[in-house]
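Asker: So the protein sequences, as listed, match chains A and B.
Read in the numbering used here, the first sequence has 79 at position 46, and its numbers run on one by one without any break.
Read in the numbering used here, the second sequence has 68 at position 43, and its numbers run on one by one without any break.
What follows is a single structure, and I will ask about it in a moment.
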Amino acid sequence: MTTVIEVPEAEPGVVAPRSKSKGGGGLGRYIVIRFFLIIPTVFILVTLVFFLMRVIGDPITAAQGGRLPPDVLAQRIHDAGYDRPVLVQYFEYLGQLITGNFGTTITDRRPVVEVLTTFGAATLELSINALIVALAVGIPFGLIAAQHRDKTPDAFLRFFAILCYATPVFFSGLLLKLTFSVWLGWLPVAGRASTRTELTMSSLAAPSGIYWLDAIRSGNFTALGDVVSHAVLPAIALGLLTAGVFLRLVRTNVIGTLGKDYIEAGRSRGVSEFRLVTKHAYKPALIPIITVMGLQIALMLGGAILTETTFEWKGLGYQLVQYLNARDFVAVQGIVVLLAIIVAVTNFIVDIIAALIDPRVRY
Amino acid sequence: MSTPTLTPPRQPLFSRLPVISHLKKSVGLQRGMLVVGVVLSGLFILTSIFAPLLAPYGYSQLSDASGSFPTQQAPGGKHLLGTTVGGYDVLSRVVWGSQTAVTVIIVSVAMSLFLGVALGLLSGYFGGWLDRILVVVADAIYAFPTLLLAIVISIVISRGQSSFWGGIFSCAFSITVVFVPQYFRVIRAETIRLKAEPFVESAKVLGASSMRIIGRHIFKNATRTLPLMFTLNASEAILTLAGLGFLGFGIEPTSAAEWGFDLNKALADTSSGIWWTGVFPGIAIVLTVLGLTLVGESINDLNDPRIRGRKRAGGGAGTPASPGTPSAPAEAGKP
Numbered sequence: 034m035t036t037v038i039e040v041p042e043a044e045p046g047v048v049a050p051r052s053k054s055k056g057g058g059g060l061g062r063y064i065v066i067r068f069f070l071i072i073p074t075v076f077i078l079v080t081l082v083f084f085l086m087r088v089i090g091d092p093i094t095a096a097q098g099g100r101l102p103p104d105v106l107a108q109r110i111h112d113a114g115y116d117r118p119v120l121v122q123y124f125e126y127l128g129q130l131i132t133g134n135f136g137t138t139i140t141d142r143r144p145v146v147e148v149l150t151t152f153g154a155a156t157l158e159l160s161i162n163a164l165i166v167a168l169a170v171g172i173p174f175g176l177i178a179a180q181h182r183d184k185t186p187d188a189f190l191r192f193f194a195i196l197c198y199a200t201p202v203f204f205s206g207l208l209l210k211l212t213f214s215v216w217l218g219w220l221p222v223a224g225r226a227s228t229r230t231e232l233t234m235s236s237l238a239a240p241s242g243i244y245w246l247d248a249i250r251s252g253n254f255t256a257l258g259d260v261v262s263h264a265v266l267p268a269i270a271l272g273l274l275t276a277g278v279f280l281r282l283v284r285t286n287v288i289g290t291l292g293k294d295y296i297e298a299g300r301s302r303g304v305s306e307f308r309l310v311t312k313h314a315y316k317p318a319l320i321p322i323i324t325v326m327g328l329q330i331a332l333m334l335g336g337a338i339l340t341e342t343t344f345e346w347k348g349l350g351y352q353l354v355q356y357l358n359a360r361d362f363v364a365v366q367g368i369v370v371l372l373a374i375i376v377a378v379t380n381f382i383v384d385i386i387a388a389l390i391d392p393r394v395r396y
Numbered sequence: 026m027s028t029p030t031l032t033p034p035r036q037p038l039f040s041r042l043p044v045i046s047h048l049k050k051s052v053g054l055q056r057g058m059l060v061v062g063v064v065l066s067g068l069f070i071l072t073s074i075f076a077p078l079l080a081p082y083g084y085s086q087l088s089d090a091s092g093s094f095p096t097q098q099a100p101g102g103k104h105l106l107g108t109t110v111g112g113y114d115v116l117s118r119v120v121w122g123s124q125t126a127v128t129v130i131i132v133s134v135a136m137s138l139f140l141g142v143a144l145g146l147l148s149g150y151f152g153g154w155l156d157r158i159l160v161v162v163a164d165a166i167y168a169f170p171t172l173l174l175a176i177v178i179s180i181v182i183s184r185g186q187s188s189f190w191g192g193i194f195s196c197a198f199s200i201t202v203v204f205v206p207q208y209f210r211v212i213r214a215e216t217i218r219l220k221a222e223p224f225v226e227s228a229k230v231l232g233a234s235s236m237r238i239i240g241r242h243i244f245k246n247a248t249r250t251l252p253l254m255f256t257l258n259a260s261e262a263i264l265t266l267a268g269l270g271f272l273g274f275g276i277e278p279t280s281a282a283e284w285g286f287d288l289n290k291a292l293a294d295t296s297s298g299i300w301w302t303g304v305f306p307g308i309a310i311v312l313t314v315l316g317l318t319l320v321g322e323s324i325n326d327l328n329d330p331r332i333r334g335r336k337r338a339g340g341g342a343g344t345p346a347s348p349g350t351p352s353a354p355a356e357a358g359k360p
């Protein structure tokens with residue numbers, strides 16, 4: 034209430050990429066502007082995907098072209114409205130999206146939203162597991178690398194980080210499967226759980242869909258063991274991909290903060306080198322990690338598609354590939370648009386968190 | 026953008042030979058990384074050029090004078106790295122795969138370089154509504170999972186099945202769409218920075234046309250970061266190509282060898298303990314990407330040896346391209 038002066042300079046409705054407002058009290062405004070930035074992002078992607086998918090013709094011909102007689106095909110196309118002008122279809126599609134209707138798949142006639150609710154949890158579980166692996170590997174190793182900058186451990190860890198990035202998830206997945214499932218026989222080859230556990234899981238009341246969470250909640254520890262043993266390899270495969278990014282990020286940022294005056298001051302007061310890294314330099318270095326985590330979500334979703342295919346992990350990515358192979362482009366379009374919205378919203382949340390932690394982010 | 030504006034700066038860029046000048050600057054560990062990177066990348070390029078000589082068989086060859094190749098044969102004897110389920114020679118397909126990869130890199134990076142640089146220059150120099158729209162579009166594309174976008178584009182172009190060039194172009198174009206925003210952001214940021222420099226102003230005073238200022242004065246100065254982006258994007262192009270191939274959007278095995286496709290086929294082999302069909306193409310991907318990334322990383326570090334700290338924080342998630350962080354988009358978000 035006391036900050037009266039800065040109100041007039043607000044630019045209503047403008048999604049200016051860089052507004053020059055500085056000073057306190059800007060968080061609410063930042064959130065609003067950042068929120069409205071979601072809309073053009075999603076809108077552009079929806080438009081792009083829609084017109085791209087229409088370039089190849091109507092989805093029904095694509096899915097069932099060779100299998101139906103021409104007159105039946107034409108009737109189907111007419112019924113679905115695909116013979117109308119593309120612009121009409123486009124605006125109708127936009128209207129449907131606003132009401133939460135993402136279309137119905139052609140091959141198995143399910144609403145795309147239902148596909149999301151059925152398989153989304155599996156992808157979420159995989160992403161959470163992978164994120165845990167990535168943070169557990171990336172942060173400590175990044176700290177070690179920063180502390181031993183330009184020495185052997187650093188060189189080794191930097192190489193490791195590049196290797197993480199250079200290895201496609203499906204190849205690391207294949208190697209992990211070969212080693213731990215086929216040769217050593219320690220872990221299951223594929224899937225989210227054994228058939229028995231899956232049955233137990235589906236019979237639960239109000240399941241969250243995240244298997245390990247459900248297993249813990251129902252106190253079923255044999256199921257938990259089964260679920261975890263299935264989850265380990267996919268989580269490592271996908272997690273390592275991101276771990277390399279986190280490692281480098283922590284390393285560069287900690288090195289950056291280690292050069293700051295307050296670290297020097299701490300050092301002169303006799304604070305140990307270890308404590309300097311883990312206590313003083315570490316926290317400011319976390320902020321960029323949170324920011325980059327938003328971008329990592331996009332990377333992870335891409336990686337999840339490949340990981341799910343590698344491990345037959347029945348999530349959204351796996352399902353997307355099934356639909357792709359069946360040439361069900363309504364389903365593909367729906368899932369892609371849904372994922373675009375998810376990515377945009379997560380980025381929004383991550384940005385807000387980053388702004389809450391670090392006031393300098395707001396501008 | 027007509028051709029004369031593009032041709033003059035290209036020669037000095039070439040004759041300066043980024044990697045060699047960096048090699049001279051480097052010491053110790055840095056030099057080691059760069060040398061390893063250069064050697065691996067060199068091997069990759071040489072393999073692709075001499076693939077017809079190096080590969081014992083053709084990429085789609087299933088038999089020779091002494092009859093059909095055995096299927097799923099372990100490495101050794103006539104087939105050094107074994108054969109696949111379909112009876113292809115693994116070594117031959119790994120060697121030929123490098124040719125596919127190089128072609129895709131060249132086509133995709135050339136296309137995205139051209140489009141991204143041109144759009145970035147125009148958008149940064151003229152500003153206004155065009156700039157705003159392009160920035161929002163580029164940000165939207167940039168924030169999206171690259172693989173998904175590549176899949177969509179790939180469907181559009183190839184409609185599933187593809188010949189050699191059809192497959193190459195659908196992959197290359199999908200990768201282009203993903204990369205253009207990155208080049209665009211970097212070049213635009215540089216252009217905005219350079220636009221305020223005195224030499225641009227004096228050119229204006231002398232009556233130079235906008236096209237001449239962009240083509241001659243700004244372009245030349247804005248492209249310093251391109252060798253770095255080139256190497257980093259080349260490695261990403263390989264990964265995207267392999268990812269597309271792995272999902273079945275690559276090139277048919279009869280029209281070219283593609284590592285990702287082979288890995289997909291190898292997945293089914295793993296449960297029966299057959300490792301050679303997947304491990305060798307996989308190693309090929311890893312070594313190639315490793316080599317290119319090491320070169321790119323080293324160039325990056327050598328260009329900027331002082332600060333490696335704060336610069337990455339700039340290119341954050343949904344934030345628009347902030348000027349002065351040339352290398353951030355290339356490495357922070359999508360390494």
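Ideal Cβ placement from N, Cα and C applies to all residues, glycine included.
So, for V119 of chain B: in the same chain, excluding its five sequence neighbours on each side, which residues have a beta-carbon less than 6 Å away from its beta-carbon?
Answerer: So the qualifying residues of the chain are F305, P306 and A309.
Asker: Taking C-beta pairs closer than 9 Å, name the residues in chain B that L372 of chain A reaches, listed in chain order.
Answerer: Here the neighbours are F169, P170 and L173.
Asker: In chain order, what residues of the same chain have a beta carbon less than 8 Å from the beta carbon of L155 of chain B, not counting five sequence neighbours either side?
Answerer: So the qualifying residues of the chain are L147 and S148.
Asker: From the beta carbon of V162 of chain B, is the nearest beta carbon of chain A less than 8 Å away?
Answerer: With 8 Å as the cut-off, V162 of chain B counts as an interface residue toward chain A.
Asker: Which chain B residues are close to T74 of chain A, counting only those with a beta carbon under 8 Å from its beta carbon?
Answerer: Here the neighbours are V161, D164, A165, A168 and G343.
Asker: Can you say whether A135 of chain B is buried or exposed, counting buried as having 16 or more other CB atoms within 10 angstroms of its CB?
Answerer: Exposed is the call here.
Asker: On a CA-only basis, which of B:L78, B:G122, B:S133 and B:L71 is nearest D287 of chain B? Give me that one, please.
Answerer: For the residues B:L78, B:G122, B:S133 and B:L71, the minimum Cα distance to D287 of chain B belongs to B:G122.
Asker: Could you confirm whether any beta carbon from chain A is found closer than 8 Å to the beta carbon of W190 of chain B?
Answerer: Taking Cβ atoms only, chain A never reaches closer than 8 Å to W190 of chain B, which makes this a no.
Asker: Quick one: residues in its chain with C-beta nearer than 8 Å to the C-beta of L257 of chain A, no 5 flanking neighbours on either side, listed in chain order?
Answerer: Excluding residues within five positions, the ones whose Cβ falls inside 8 Å are W245, A248 and I249.
Asker: If the cut is a Cβ gap below 9 Å, which residues of chain B does T200 of chain A touch?
Answerer: What T200 of chain A touches in chain B: G307, I310, V311, V314 and L315.
Asker: So, using beta-carbon positions, are V132 of chain B and I193 of chain B closer together than 8 Å?
Answerer: Against a cut-off of 8 Å, the Cβ pair of I193 of chain B and V132 of chain B comes out as a contact.
Asker: Please return the same chain residues whose Cβ sits closer than 6 Å to the Cβ of E158 of chain A, not counting the five positions on each side in sequence.
Answerer: Result list for E158 of chain A: I243, in chain order.
Asker: Near A264 of chain A, which residues of its chain fall below 6 Å by C-beta distance, leaving aside the five closest residues on each side in sequence?
Answerer: Contacts found: N162.
Asker: Determine, using beta carbons only, whether E322 of chain B comes closer than 8 Å to chain A.
Answerer: Output row for E322 of chain B: interface = yes.
Asker: Spell out whether any CB of chain B is found under 8 Å from the CB atom of I386 of chain A.
Answerer: No, no contact with chain B.
Asker: Here's the rule I'm using: 16 or more other beta-carbon atoms within 10 Å means buried, otherwise exposed. How should F244 of chain B be labelled?
Answerer: Answer is buried; the Cβ neighbour count reaches 16.
Asker: What does G335 of chain A reach in chain B if we use C-beta pairs closer than 8 Å?
Answerer: Ordered by position in chain B, the residues that pass the 8 Å Cβ test against G335 of chain A are P170, T171, L172, L173 and G268.
Asker: Determine, using beta carbons only, whether I89 of chain A comes closer than 8 Å to chain B.
Answerer: It does: the Cβ of I89 of chain A has a partner Cβ on chain B nearer than 8 Å.
Asker: Which runs of the alpha helix (DSSP H), 4 residues or longer, sit entirely within the stretch 188–225 of chain A?
Answerer: Listed in chain order, they are 202–209.
Asker: So, is A221 of chain B buried or exposed, given that buried needs 16 or more other C-beta atoms within 10 angstroms?
Answerer: So A221 of chain B ends up on the exposed side.
Asker: With a Cβ-Cβ cutoff of 8 Å, do A314 of chain A and L291 of chain A count as a contact?
Answerer: Yes, these two residues count as a Cβ contact at 8 Å.
Asker: Against chain A, which members of the stretch 229–252 of chain B pass a CB distance test of less than 8 Å?
Answerer: Those residues of the stretch 229–252 of chain B that come within reach of chain A (Cβ to Cβ, closer than 8 Å) do not exist; the list is empty.
Asker: If you draw a straight line from the C-alpha of T364 of chain B to the C-alpha of S235 of chain B, how long is it?
Answerer: Any answer about residue 364 of chain B is impossible in this case: the structure gives chain B only from 26 up to 360.
Asker: Which residues, in chain order, does the stretch 358–372 of chain A contribute to contact with chain B at a C-beta distance below 8 Å?
Answerer: Going along the stretch 358–372 of chain A in chain order, one finds N358, R360, F362, V365, V369 and L372 with a Cβ nearer than 8 Å to chain B.
Asker: How long is the line joining the alpha carbons of T201 of chain B and P170 of chain B, rounded to whole angstroms?
Answerer: Going from the Cα of T201 of chain B to the Cα of P170 of chain B covers about 14 Å.
Asker: T108 of chain B bridges to which residues according to DSSP?
Answerer: According to DSSP, which records beta bridges pairwise, T108 of chain B is partnered with B:D114.
Asker: Nearest chain A C-beta to S296 of chain B closer than 8 Å, yes or no?
Answerer: Output row for S296 of chain B: interface = yes.
Asker: What in chain A is Cβ-close to G273 of chain B, meaning under 7 Å?
Answerer: Per Cβ cutoff of 7 Å: N358.
Asker: Using alpha carbons as the reference points, say which of A:I320, A:I177 and A:W346 lies closest to V310 of chain A.
Answerer: The shortest Cα separation from V310 of chain A among A:I320, A:I177 and A:W346 belongs to A:I177.
Asker: Distance cutoff 8 Å, beta carbons only. Does V354 of chain A sit that close to anything in chain B?
Answerer: By this cut-off, V354 of chain A is an interface position.
Asker: Please state whether DSSP places A155 of chain A in a helix, a strand or coil.
Answerer: Note: A155 of chain A maps to helix in three-state DSSP.
Asker: Roughly how many angstroms separate the alpha carbons of Q55 of chain B and L217 of chain A, rounded to a whole number?
Answerer: The alpha-carbon atoms of Q55 of chain B and L217 of chain A are separated by roughly 38 Å.
Asker: Can you list the residues of chain A that W300 of chain B reaches, using a CB-CB cut of under 7 Å?
Answerer: Within 7 Å Cβ-Cβ: L211.
Asker: Using a threshold of 8 Å, state whether the C-beta atoms of G285 of chain B and G268 of chain B are closer than that.
Answerer: Yes, Cβ-Cβ distance for G285 of chain B and G268 of chain B is below 8 Å.
Asker: Start and end of the alpha helix (DSSP H) containing Q355 of chain A?
Answerer: Looking at the DSSP string, the run of the alpha helix (DSSP H) that includes Q355 of chain A is L349 to N358.
Asker: My output table needs one value for P321 of chain A: the three-state DSSP class, helix, strand or coil.
Answerer: Correct three-state label for P321 of chain A: helix.
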